[in-house]
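4 is the number of the first residue of the sequence shown in the numbering used here; add one for each residue after it. Beta carbons are placed, not taken as given, at the ideal position from N, Cα and C, and that holds for glycine. This one's a predicted model, so the numbers in the text were calculated from it and none came from an experiment.
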Amino acid sequence: MEQWFVWLALIIILVFIECTTVNLTTIWFVASGIIALIISFFTDNYLIQFAVFVILGIILLITTRPILLKLLKTKKERTNLDRVIGMEAVVTEPISKNNPGEVRVDGKRWTAFADTSIKEGEVVKVLEISGVKLKVEKEGKN
4 MEQWFVWLAL
14 IIILVFIECT
24 TVNLTTIWFV
34 ASGIIALIIS
44 FFTDNYLIQF
54 AVFVILGIIL
64 LITTRPILLK
74 LLKTKKERTN
84 LDRVIGMEAV
94 VTEPISKNNP
104 GEVRVDGKRW
114 TAFADTSIKE
124 GEVVKVLEIS
134 GVKLKVEKEG
144 KN
């Protein structure tokens with residue numbers, strides 16, 4: 004079997020993997036595979052071809068992936084619900100570890116749960132939204 008055919012098959016497989024995963028991992032080896040394919044027309048030494056493929060692929064991965072990820076990173080849009088995360092809330096119904104209570108945050112009442120018991124009237128911090136409930140903790144707790 005011709006060596007260029009092996010490189011072409013490998014490039015096609017790596018392109019397929021990249022298209023299905025979209026993780027920007029195998030694309031660098033697609034590029035180094037193309038270079039190895041070109042080198043296969045000039046030398047029959049498979050060791051040289053393979054060394055170029057591996058070394059160039061690793062160099063491309065290490066040097067360009069972080070830059071490209073920053074460029075392609077999509078900014079997460081915060082929704083109106085997300086904005087309550089980090090806000091202070093006032094407990095309007097007591098919260099215990101096994102029973103959710105209620106808090107008022109941003110002028111709205113929410114069902115809330117916590118890892119500890121919290122009394123009515125205490126100020127809490129909103130940690131996250133889980134479904135339609137807020138996870139909270141006592142203010143000042145680290």
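What does the alpha-carbon distance come out to for the pair F32 and L72?
17 Å
What span of residues does the beta strand (DSSP E) with G36 cover, start to end?
Looking at the DSSP string, G36 is not in any beta strand (DSSP E); the run it does join, the alpha helix (DSSP H), is 30-43.
Measuring alpha carbon to alpha carbon, tell me which of I121, L75, I70, N102 ends up nearest A92.
I121
Is T24 helix, strand or coil by DSSP?
helix
Tell me the residue span of the alpha helix (DSSP H) that contains T67.
49-75
Once the 5 residues before and after L63 are set aside, which same chain residues still bring their CB inside 7 Å of it?
W31, A34, S35
For L11, I'd like the list of residues in its chain whose CB is within less than 7 Å of its CB, leaving aside the five on either flank, ordered along the chain.
The answer, listed in chain order, is L40.
For E131, which residues in the same chain have their Cβ closer than 7 Å to its Cβ, ignoring the five residues on either side in sequence?
I88, K138
Taking all protein chains shown into account, do 16 or more other C-beta atoms lie within 10 angstroms of the C-beta of F56, making it buried, or fewer, making it exposed?
buried
In the DSSP output, which residue or residues are listed as bridge partners for K141?
V127
Determine the DSSP secondary structure at I88, reduced to helix, strand or coil.
coil
Report the residue from S133, I61, E21, R86 whose alpha carbon sits nearest the alpha carbon of G110.
R86
Going by CA-CA distance only, name the one from E123, L13, I98, L75 that's closest to I38.
L13
Would K136 and T119 be called neighbours here (beta carbons separated by less than 8 Å)?
no
Among the residues of its own chain, which have a CB less than 7 Å from the CB of L17, if the five just before and after it don't count?
T29, F32, V33, G36
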